[in-house]
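Have a look at the structure below, then the notes.
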Amino acid sequence: MTTSTSTRAAVTTPDRRLPALGGFAPGALGIELRRVLRNRRTLAFTLIMPGVFFLIFGLPQGGQSLDNGRPVTAYVMISLAVYAAMVATTSVGGAVATERALGWSRQLRLTPLRPAAYVATKLITAMSLGLLAVVIEFLVGAVAGVRVPAYVWLLSGLAAWVGSLVFAAFGLFIGYLAPAENVMQIIGPVLAVLAMFGGLFVPVEVLPDVLQQVATFTPVYGMGVLARAPLTGDGVSMAAVVNLVVWALVFGVGAARLFRRDTARV
Amino acid sequence: MTSTHPAVELDGLSKSFGAVTAVDGLSLRVQPGEVVAFLGPNGAGKTTTIDMLLGLSRPDAGTVRVLGGTPDDAVARGRVAAVLQTGGLLKDLTVGETVRMTAHFYRHTRPAVEVLERAGITDIADRVVGRCSGGQQQRLRFALALLPDPDLMVLDEPTTGMDVEGRRDFWQALRRDARRGRTVIFATHYLDEADAYADRIVLVRQGRIVADGTTAEIKNLAAGRTVRATLPGADQAALAALPGVDAVEVRGDSVLVRTGDSDAVARHLLTRTAARDVEITSRNLEDAFLALTTTQTGA
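Here the protein sequences line up with chains A and B, keeping their order.
Each residue of the first sequence is one higher than the one before, starting from 1 at the first, in full-length UniProt numbering.
Each residue of the second sequence is one higher than the one before, starting from 1 at the first, in full-length UniProt numbering.
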């Protein structure tokens, strides 16, 4: 008798406490990650295409060496890893635009999920996909015969991955700029142009003088230099560090401001 | 559940968009356990009121209390849940994934299988949302709203855009769920929905409440008949004093009497006055709705 009463009470009195961490939950993150990995377009542009680029543009330069004797193929591989990571993190951040266009953000406002927890989920998802993009590009390189010391694999990979945080912020910035269903169709070409100025497709030194000057101010330049530094042994220029920090601030602060505008109640 | 607070207290709520006043000094109190239909034509201010009720937008003036607290707090604690017209879904998640993902945002929810069952979408749990019909997506939104087992359920035009079958399935799901004590507020412009599912109907027009009563009371507004006759110089006071008469209106030589007892009015007109051309017409709920929501003559 007593048991049945207490059982019923447990069933009918819901727990009305607030969720921990504003509703941020590893379970939801898991579903989000699976969702991203199911998206064929994302997979094609972030995980497959950069690898194919390496096979087409990198492999034919096999046997050639940089000034310090390291293989040119490694230079191409690291550059394309940076490209893969930036496209990956941008696409996850930019997906906010799609979710706003679909009205999902509004649906979420009917749940306990706090906007900051939503953004945290997006950032972690973006960085996870970015890491996967770098790892796959390096795997393609390794299998295709790229050989460099372990510290180059590690430091270049780490730089490419951490640097892509700038583009996770860029993606969020675009995502909160305007709701749009197919945001990557718009910013995909922009990323390609930025990647070119950042020396990811051809070395910046190959560009005409004026464009070289311009290139040092574009957002991919810093992360490209940093990611290749362990390979080239050129050292890290102040210009590259300043470039990375400034663009991280521009996109980070920009995304935060737009985010606050979006979540303000009117 | 046992709290003594009203489920909803809206007090002097106003909201304008530019020069357009969407909600104009609206006050409403809903007690726990009531099922209330918010009935009115498009543009009456129903959605704007619901947005303020849920804390999605801020009133220009007036206050909102939900279950004794702020709307934000009620949402965060899962005490209020809603099915809105504008709430979107992720097309590339399955129905089941959408429910499980949303469940993660709460401290505690009913099991996903249970809400899918109660919303009648267990059979499409593995279907991608983008391939679901509008009615199925709406029942998914309903399943999401059931997750926290809310004390107050708010639905804004939940069957808009559905075909007849979809509407019937949706209301059947809602009815199956009509558990004791859950307060339900739904906006609709379908009279039959308000009539069939609400205990109480609140009629809104131009951001104001023009009638508020039990479904029976609102239906009574429509239960009467109109007696029309040609009677120059009609004695309005005498007609208004007849039993059952709600309103008397004189238009030139014609007199229109709205009444619950048309026989008494007709008998009076034909035996005590010089009235001719007596006509008796009945009004239905549709007429009452139109009268209350489109002209100034209120209840």
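Glycine included, every Cβ here is placed at the ideal spot set by N, Cα and C.
- The three-state secondary structure of V8 of chain B, taken from DSSP, is strand.
- Within the segment 101 to 116 of chain A, the residues whose Cβ lies closer than 9 Å to any Cβ of chain B are, in chain order, A101, L102, G103, W104, S105, R106, Q107, L108, R109, L110, T111, P112, L113, R114.
- Near chain A, meaning a CB-to-CB distance below 8 Å, the residues of the segment 86 to 101 of chain B are T86, G87, G88, L89, L90, K91, D92, L93, E97, R100, M101.
- Apart from sequence neighbours up to five positions away, the residues of its chain that approach A247 of chain B with a beta-carbon distance below 6 Å are R258, ordered along the chain.
- Chain-order list of chain A residues neighbouring Y106 of chain B: P19, G23, T111, P112, by C-beta distance under 8 Å.
- In terms of beta-carbon proximity, A82 of chain B lines the interface with chain A, with at least one pair separated by less than 9 Å.
- Below 8 Å, enough C-beta pairs join the segment 18 to 29 of chain A and the segment 112 to 131 of chain A to call them touching: three or more.
- Counting only unbroken stretches of 4 or more residues, the alpha helix (DSSP H) elements lying wholly within the segment 43 to 75 of chain B are 46 to 53, in sequence order.
- With 16 or more other Cβ atoms from the protein chains shown falling within 10 Å of its own Cβ, D149 of chain B counts as buried.
- Per DSSP, the continuous alpha helix (DSSP H) segment holding R168 of chain B begins and ends at 164 to 176.
- Pairing G120 of chain B with D169 of chain B gives a Cβ-Cβ distance under 9 Å.
- Excluding its 5 nearest sequence neighbours in each direction, A275 of chain B has C-beta neighbours in its own chain below 7 Å: A229, T230, L231, L269, listed in chain order.
- Using a CB distance below 8 Å, the part of the segment 53 to 85 of chain B facing chain A consists of L54, G55, L56, S57, R58, V75, A76, R77, G78, R79, A81, A82, L84, ordered along the chain.
- The beta carbon of K91 of chain B lies closer than 8 Å to those of V128, V129, G130 in the same chain, with the five residues before and after it left out.
- Neighbours of D126 of chain B in chain A, taken as residues whose beta carbon is under 8 Å from its own, are absent, since the nearest beta carbon is some 13 Å off.
- Between the beta-carbon of K15 of chain B and that of V8 of chain B there is about 16 Å, and that puts the pair past the 8 Å contact cut.
- In the three-state scheme derived from DSSP, where H, G and I count as helix and E and B as strand, G244 of chain B is classed as coil.
- Taking 9 Å as the cut-off, the Cβ atoms of F197 of chain A and V210 of chain A do not count as close.
- Between G55 of chain B and V66 of chain B, the CB-CB gap stays under 9 Å.
- Think of a sphere of 7 Å around the beta carbon of G27 of chain A: the chain B residues whose beta carbon falls inside it are H104, in chain order.
- Listed along chain A are P14, each with a C-beta nearer than 8 Å to that of D149 of chain B.
- Ranked by Cα distance from A180 of chain A, the first of A:L18, A:R41, A:G103, A:V72 is A:G103.
- One alpha carbon belongs to I218 of chain B, the other to G171 of chain A, and they sit about 53 Å apart.
- Setting aside the 5 residues that flank it on each side, W247 of chain A is surrounded in the same chain by V166, P219, each with a C-beta closer than 6 Å to its C-beta; the list follows chain order.
- Boundaries of the beta strand (DSSP E) harbouring A22 of chain B: 20 to 30, taken from the DSSP string.
- In this structure, G45 of chain B places its C-beta atom within 9 Å of the C-beta atom of R208 of chain B.
- The beta carbon of S91 of chain A sits closer than 6 Å to the beta carbons of T42, M184 from its chain, once the five residues preceding and following it are set aside; these are given in chain order.
- Note that the C-beta distance between G157 of chain A and V135 of chain A is below 9 Å.
- Among the residues facing chain B, I174 of chain A is not included, as its CB has no counterpart in that chain under 9 Å away.
- If you compare the alpha carbons of B:T160, B:F38, B:S282 with that of I185 of chain B, the shortest gap goes to B:F38.
- With a cutoff of 9 Å on beta-carbon distance, V83 of chain B and L152 of chain B are scored as not near each other.
- Between A196 of chain B and the set B:L174, B:V210, B:R205, the nearest pair of CA atoms involves B:L174.
- Nearest Cα to I78 of chain A within the set A:R100, A:I56, A:G188, A:P50: A:P50.
- Counting other Cβ atoms within 10 Å of its Cβ, S164 of chain A reaches 16 or more and is therefore classed as buried.
- With distances taken between CA atoms, G94 of chain A lies nearest to A:I174 out of A:I174, A:T121, A:M86, A:E32.
- Residue environment: M127 of chain A is assigned as buried (16 or more neighbouring CB atoms within 10 Å of its CB, all protein chains considered).
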